[in-house]
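Read the structure below first, then the notes.
There are 2 protein chains.
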Amino acid sequence: MKPTPIKVTILPEKKTVYVLPGTNIVEAAGKANIPIELPCGGEGTCGKCRITVVEGNVPPLPSEEKLLGKEAISKGVRLACQAKIYSPCKIHIPEEIRISAQKILTESIEGEKEVCPSIWKYYFKLQPPTLERNISDLDLLRRAVPKKFFANIYVLRELHNFLKTHNYQATGVFSNGELIHFEEGDTTSEAFGVAFDIGTTTLVGTLMDAKTGKDLSVSARMNPQVAYGADVISRIQFAMNSADGLERLHFAIIGTMNEMLKEMANVSKVPLKKIYKIVLCGNSTMQSIILKISPESLSSIPFSLVVREGIEVKAIKLGITINPDGTVYVFPNIGGFIGGDTVSAILSTTQYKAEEIKLCVDIGTNGEIVLGNRNRLITASTAAGPAFEGARISQGMRAMPGAIEKVVFTDDVLISTVGNVPALGICGSGLIDTVAGMLRSGIIDETGRIQPPKTLKGRLSDKILERIVKKESSFGFKLVDGDNIGNGTPIFVTQRDIRELQLAKAAIAASIKILEKKMGITDQDLSEVFLAGAFGNFIRRSNAVRIGLIPNIPFEKIKFVGNAASLGAKLVLLCSTLRNTIENISTKTEYVELSLSSDFQNEFAESMLFPNPISIKNKAP
Amino acid sequence: MKPTPIKVTILPEKKTVYVLPGTNIVEAAGKANIPIELPCGGEGTCGKCRITVVEGNVPPLPSEEKLLGKEAISKGVRLACQAKIYSPCKIHIPEEIRISAQKILTESIEGEKEVCPSIWKYYFKLQPPTLERNISDLDLLRRAVPKKFFANIYVLRELHNFLKTHNYQATGVFSNGELIHFEEGDTTSEAFGVAFDIGTTTLVGTLMDAKTGKDLSVSARMNPQVAYGADVISRIQFAMNSADGLERLHFAIIGTMNEMLKEMANVSKVPLKKIYKIVLCGNSTMQSIILKISPESLSSIPFSLVVREGIEVKAIKLGITINPDGTVYVFPNIGGFIGGDTVSAILSTTQYKAEEIKLCVDIGTNGEIVLGNRNRLITASTAAGPAFEGARISQGMRAMPGAIEKVVFTDDVLISTVGNVPALGICGSGLIDTVAGMLRSGIIDETGRIQPPKTLKGRLSDKILERIVKKESSFGFKLVDGDNIGNGTPIFVTQRDIRELQLAKAAIAASIKILEKKMGITDQDLSEVFLAGAFGNFIRRSNAVRIGLIPNIPFEKIKFVGNAASLGAKLVLLCSTLRNTIENISTKTEYVELSLSSDFQNEFAESMLFPNPISIKNKAP
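Chains A and B supply the protein sequences, listed in that same order.
The opening position of the first sequence corresponds to residue 1 in the numbering used here, with each subsequent residue numbered one higher.
The opening position of the second sequence corresponds to residue 622 in the numbering used here, with each subsequent residue numbered one higher.
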């Protein structure tokens, strides 16, 4: 009997997700895009990740009873990293255990001389000029406002009339040392801005109250440039070779960003004209296209950038429909294809300040890897992504409703789909789970070859054996029968799909090895491994280690950091002094061109193999 | 017999002017808009203003023979301040005795820490990026260019393609710390800019080589806003009360400036796109309209400014058709109607650095007066002008061809017109000459009343007496008979015209008195009086003193400084560090609101009288 995924409602926002039986609360919350802080790495030893079960039954583990005490347990308190879900429930996740921009900001700005919000408002009451005290409007304002500022011609044209109409009392809006607008009355308690993470495939925007650091609304869309090519290389080609190619890519993405802004403004009831700032990060190609700077220089050796540094541009010059005097700040890049999203991730993980050496792996359409600490940071980019996003996989798809996103091997196979709807295909995390399961059960060997079922007889259950089916010249592994699913076609993981996964994970693993060699360390020197990117949240650490995607280190050292790029953009939105920090990250981080490394092909070939199970030091999942 | 004006050709530019017999060379040169430096104030004692008579006979004075020696005299050398013209001649005026922006600049920038041209170019040869040295284009440029700069998005969009096309070698054009453009090859020897003096009535533009400080071409036009009102008050009313009034005034003047730019570009063969900078000064109303900032705040008490400080705006934002990335710098104002032209005059006369107290009188459509030295500067504005520009005078006209611009009393009256064409009317300088002559000959008394001819009989020649003619209830003074002149109508100065002149000169004189009182000085404490403005050049100092327009001090202390406002704009074009100087002038100079002075009406009434001849200390003209 196929187990029904279980409905979990998260309070106070009443978000609903569906999980397989035995899923822990951290993972369930991750599905709802609510990252939880795990100081002990999810080992259940620190007791910090306390949530409350408000409705339903979540059985406590003995370790929880010991740590929390009987009274708390009876009141429904559980540890999010330990407690597992077996039946429908409602759980309350308190604010203080959630990973928020405001919290990370506190850590990030430690040591900054001055915290300067990127939108600064000042309420003034001026004495109107008289014959005896005949001072120009702008000079009156300069005397009242405690900071130096520049005023553009458009604001100056409105100045007198605005002051006169409002009795010389109003709120000035300042951005990056420029007086950009006036608002009636005292509006200093409001400051709205949007942080954008521009992925090759997905765009995520967050409308924030820059004063409190609170997210007001979030919008996510598919990058409309997907119509012009799945990866950055094909888009660069399109920009170069099609008539108005760059313009079409530019207007496509700006158009979608404007839709997202409108949506967020509507949801939060914040007028677009009150949004004064956008902070945006993406890979170097995306950032270049948004600025309408041709990405041509990235199309051939030496894959150099036109602009590395961060850029601030008036929103109106990019056609972005926030307040026309508002500005868009685009992150600095590092070099080549390593763009602002990597800088942003380095900021939000605080890797640039770490004493110990850490590794951050961001698996998107491109894979970006950052290794190091406050003394040295090195980074590389590898075109690993498509397989993890479902591309080039025979029945692959992105993590959209109907995608098999989790696969658990028992005496049979349990699956869970995004949105809990009938399966339509398989996405990256489901593929990793499947291959890890096939490795553990011996269905594939370390070379990745699917074994004929007859050689496995007696070692596996019949239900599992039945799933190994002859497909063309090799075998495939059937996840779902045709009659159970959305489009009537059974879903297989084929031998070819496994090869694609091997190529993809080898690219990541080899890049990590090259960086480790450059740094003169081994896996064992890593104090932590961060899994970043939306995709990172959905990977089971044990399975990622089992297939050799990430280094074989104890699980508690592997941390999900969610959308680290988006978080970094939020931080800069809240604190513009961090711009110096990210410029430093941008110039200090070494960009490793893998094609220059003579070792890369070697490492890549080695990494094609799956790890030998004996070498896996972690316990089973 | 009416004397024929004499043709004088000035070399090397071959400019031709016509002068009355007995005119000195300084005055003739002034008519050709060539101001000459007179270190001794034109007393003939320093011997610096040496010119050469190349053709014709200019008789030497004994004083010249003594100072210059016989050999020099025989070679045609004369002193411009002494030698008088009685017959047609060609004279060569050497560069070194001319007042030029470059010379004044040398004096003005004395003590400045750094001379920074407002257009700065840098020729670079970059090493293109390689895989091993993978540096962004902008970073390559930053490393090569020895100054920090900002680069706008439009330049960044062109950067890579430009560098690639030109083998990473080109000239960067920088303005005010911004990289605004690239030029092919090494163009560092070229730097073009335009200085504009925007008068209420006249616009003057000078296209300059900002590298050498040389004027390349000059263009002058009538301010097209004249169609909307003769003075600033009527234009402010138009801006406020007509539909699109401000826009119409703005586009009118921008349109004419663009025509002037085109004309200058054509004459000098400098492409408009190679002009990167405009420096512009005018009164506060004109500057406001050019910036399209409503001058409404100047329409009523307290006549305050919206913006006092200097402003730099992209040319394209004002619709000015130089290089679109070029900028327009508009001078700071002082207060009320005292605008950038006064600041500019204070800069070019170096009054702000003077040890001794000086007075500068600029008589345009408005009269602006500046009194003081490096310790204190005070200024006032008075609506004196229209009479001096021919307005409200029965047969008045501006100094255009046909205007009587000079009148000499002998046993009859000699006149000279602009352009040496038949007379059509009288302009300001001709009116002052006429009234001064009538005062000296006793035709008018100190109250300004024209005496009946019968009371003058025996004291004046018959030819002069015949010119005093009954006009309505009083008398008029006939300058030209109808049959001798352009439009067949005789030209008179009427009793009413003399009253208008009295009102105008009283406004100036009373303002000077108020400023002197504020400063605690008298006329005798003035070390110099500067006559500024195009009109100033045409006034005979003796006559201006005789009618009481300017203080009664020795003539050698009265200096013509020509278009001081235009010169100041040129200085700032050549040296942008002077912007700090003019900001200091702008904030330090005290603006005296005459309407707040209880003394003003008193002084004004007193100044209506003409000075008693005994009190005039100077010798006759």
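Think of the CB as a built atom: it goes at the ideal place given N, C-alpha and C, for glycine as much as any other residue.
Under the assumption that B/G850 contacts B/R856 (Cβ atoms under 8 Å), give the Cβ distance between them as a whole number of angstroms.
Stepping through the second sequence from its first residue, residue 850 of chain B is reached at position 229. Stepping through the second sequence from its first residue, residue 856 of chain B is reached at position 235. With a Cβ gap of about 5 Å, B/G850 and B/R856 count as contacting.
Output yes or no for whether 9 Å exceeds the beta carbon distance between B/I627 and B/I672.
Residue mapping note: residue 627 of chain B aligns to position 6 of the second sequence, counting from 1. Residue mapping note: residue 672 of chain B aligns to position 51 of the second sequence, counting from 1. No.
Report the three-state DSSP secondary structure of B/Y789 (helix, strand or coil).
Here residue 789 of chain B corresponds to residue number 168 of the second sequence, with the count starting at 1. Of the three classes helix, strand and coil, the one that applies to B/Y789 here is coil, per DSSP.
Rounded to the nearest angstrom, what separates B/K935 and A/G185 at their Cα positions?
Taking the second sequence and counting its residues from 1, one reaches residue 935 of chain B at position 314. Taking the first sequence and counting its residues from 1, one reaches residue 185 of chain A at position 185. When rounded, the distance between both Cα atoms is 32 Å.
Please say whether A/F530 and A/V361 have beta carbons closer to each other than 9 Å?
By 1-based counting over the first sequence, the position of residue 361 of chain A is 361. By 1-based counting over the first sequence, the position of residue 530 of chain A is 530. For A/V361 and A/F530, yes; Cβs fall inside 9 Å.
Using a Cβ-Cβ cutoff of less than 7 Å, which residues in the same chain neighbour A/A391 once the five nearest sequence positions on both sides are dropped?
Looking up residue 391 of chain A in the first sequence gives position 391. Excluding residues within five positions, the ones whose Cβ falls inside 7 Å are A230.
Using the beta-carbon of each residue, which ones in chain B are nearer than 7 Å to A/G335?
The residue you call residue 335 of chain A lines up with position 335 of the first sequence. Simply N755.
Classify A/K113 as helix, strand or coil using the three-state DSSP reduction.
Against the first sequence, residue 113 of chain A aligns to sequence position 113. Because the pLDDT of A/K113 is 48, which lies under 50, any placement of that residue in the model is unreliable, and the number read from its coordinates should be weighed accordingly. Coil, per DSSP.
Measuring alpha carbon to alpha carbon, tell me which of A/K517, A/D433, A/K273, A/R143 ends up nearest A/G193.
Position 193 of the first sequence, counted from the first residue, corresponds to residue 193 of chain A. Considering only alpha carbons, the answer is A/K273.
Who are the near neighbours of B/I1178 in its chain, counting only those whose CB is closer than 8 Å to its CB and skipping five residues on each side?
On the second sequence, position 557 is the one that residue 1178 of chain B refers to. According to the sequence provided, residue 1178 of chain B is Lys. The question's Ile does not apply to it. Cβ within range, chain order: G662, L1147, S1148, E1149, V1150.
Mind pulling the chain A residues with CB within less than 7 Å of B/T606?
Nothing can be reported for residue 606 of chain B: it is not among the residues displayed for chain B, which extend from 622 to 1242.
Report the residue ranges of all beta strand (DSSP E) runs contained in full by the segment 1003 to 1086 of chain B; include only those spanning at least 3 residues, in chain order.
1024 to 1030, 1034 to 1038
Can you confirm whether A/I254, when its beta carbon is compared against all beta carbons of chain B, has any partner nearer than 9 Å?
Start at 1 with the first residue of the first sequence, and residue 254 of chain A comes out as number 254. Judged by the 9 Å Cβ criterion, A/I254 is not in contact with chain B.
Mind pulling the chain B residues with CB within less than 7 Å of A/D139?
As a first step, residue 139 of chain A is located in the first sequence; it is residue number 139 there, counting from the start. Neighbours of A/D139 on chain B, chain order: R929.
Please list the terminal residues of the continuous beta strand (DSSP E) segment that includes A/D220.
For this step, residue 220 of chain A is matched to residue 220 along the first sequence. Rather than Asp, the amino acid found at residue 220 of chain A in this sequence is Ala. Start and end: 214 to 222.
Rounded to the nearest angstrom, what separates A/Y591 and A/S381 at their Cα positions?
Counting from one through the first sequence, the residue named residue 591 of chain A turns up at place 591. Counting from one through the first sequence, the residue named residue 381 of chain A turns up at place 381. Approximately 9 Å, taken between the alpha carbons.
Let's see if you can read the secondary structure: which residues bound the beta strand (DSSP E) around B/A1153?
Within the second sequence, the letter at position 532 stands for residue 1153 of chain B. Element bounds for B/A1153: 1149 to 1153.
Could you please tell me which residues of the segment 564 to 596 of chain A, in chain order, have their CB closer than 8 Å to any CB of chain B?
Cβ contacts with chain B come from Y591, E593, S595, L596.
Flag this pair as yes or no: are the beta carbons of B/T637 and B/I631 separated by less than 9 Å?
Mapped onto the second sequence, residue 637 of chain B falls at position 16. Mapped onto the second sequence, residue 631 of chain B falls at position 10. Inclusion of B/T637 and B/I631 in the CB contact set at 9 Å is warranted, their separation being smaller than that value.
Are the CB atoms of B/P680 and B/A704 nearer to each other than 9 Å?
Sequence index remark: in the second sequence, residue 680 of chain B carries index 59 (1-based). Sequence index remark: in the second sequence, residue 704 of chain B carries index 83 (1-based). Taking 9 Å as the Cβ cut-off, B/P680 and B/A704 qualify as a contacting pair.
Tell me the DSSP secondary structure of A/K211 in three-state form.
If you number the first sequence from 1, residue 211 of chain A lands on position 211. Looking at A/K211 - three-state DSSP - the assignment turns out to be coil, as it is neither helix nor strand.
Please list the terminal residues of the continuous beta strand (DSSP E) segment that includes B/F1113.
The count along the second sequence starts at 1 and reaches residue 1113 of chain B at position 492. Start and end: 1112 to 1115.
Compare the C-alpha of B/T1143 against each of B/A1153, B/L1086, B/A1130 and name the closest.
In the second sequence, residue 1143 of chain B corresponds to position 522, counting from 1. Nearest of B/A1153, B/L1086, B/A1130 to B/T1143, Cα basis: B/A1130.
Quick one: list the residues of chain B neighbouring A/S189, beta-carbon separation under 9 Å, in chain order.
In the first sequence, counting from the first residue as 1, residue 189 of chain A sits at position 189. In chain order: nothing, as chain B lies at least about 29 Å away.
Where does B/S739 land, buried or exposed, given buried means 16+ other C-beta within 10 angstroms?
Here the question's residue 739 of chain B lines up with position 118 in the second sequence. Flag for B/S739 reads buried.
May I ask you to report which of helix, strand or coil DSSP gives B/K669?
Numbered from its first residue, the second sequence carries residue 669 of chain B at position 48. The answer is coil: DSSP assigns B/K669 none of H, G, I, E or B.
So, is the C-beta of A/L159 closer than 9 Å to a C-beta in chain B?
Within the first sequence, the letter at position 159 stands for residue 159 of chain A. Closer than 9 Å to the CB of A/L159 there is at least one CB belonging to chain B.
Assign A/K463 to buried or exposed, taking buried as 16 or more other Cβ atoms, counted over all protein chains shown, within 10 Å of its Cβ.
Residue numbering aside, residue 463 of chain A sits at position 463 when the first sequence is read from its first letter. By the 10 Å Cβ count, A/K463 comes out exposed.
Identify each residue in the segment 965 to 988 of chain B for which the Cβ-Cβ distance to at least one residue of chain A is less than 9 Å, and report them in chain order.
none
Which class does A/F192 belong to by DSSP, given the choice of helix, strand or coil?
Indexing the first sequence from 1 puts residue 192 of chain A at position 192. In the structure shown, A/F192 sits in a strand (DSSP, three-state: E or B).
Are the C-beta of B/E917 and some C-beta of chain A separated by less than 9 Å?
Position 296 of the second sequence, counted from the first residue, corresponds to residue 917 of chain B. Cβ-Cβ to chain A under 9 Å: yes for B/E917.
Grab the span of the beta strand (DSSP E) containing B/E989 for me, first residue to last.
The sequence position of residue 989 of chain B within the second sequence is 368, counting from 1. Where B/E989 is concerned, the enclosing beta strand (DSSP E) stretches over 988 to 993.
Compare the beta carbon distance of B/I854 and B/A1004 with 9 Å and say whether it is the shorter of the two.
In the second sequence, counting from the first residue as 1, residue 854 of chain B sits at position 233. In the second sequence, counting from the first residue as 1, residue 1004 of chain B sits at position 383. For B/I854 and B/A1004, yes; Cβs fall inside 9 Å.
Looking only at its own chain, which residues have a Cβ that is under 6 Å from the Cβ of B/K652, when we skip the five neighbours before and after it?
Sequence index remark: in the second sequence, residue 652 of chain B carries index 31 (1-based). Once the five neighbours on either side are set aside, the close Cβ partners of B/K652 are V638.
Who does B/L980 pair with in a DSSP beta bridge?
For the purposes of this step, residue 980 of chain B is identified with residue 359 of the second sequence, where counting begins at 1. Answer is B/L992, B/V1150.
Is the Cβ of A/K317 closer than 9 Å to any Cβ of chain B?
Indexing the first sequence from 1 puts residue 317 of chain A at position 317. It does: the Cβ of A/K317 has a partner Cβ on chain B nearer than 9 Å.
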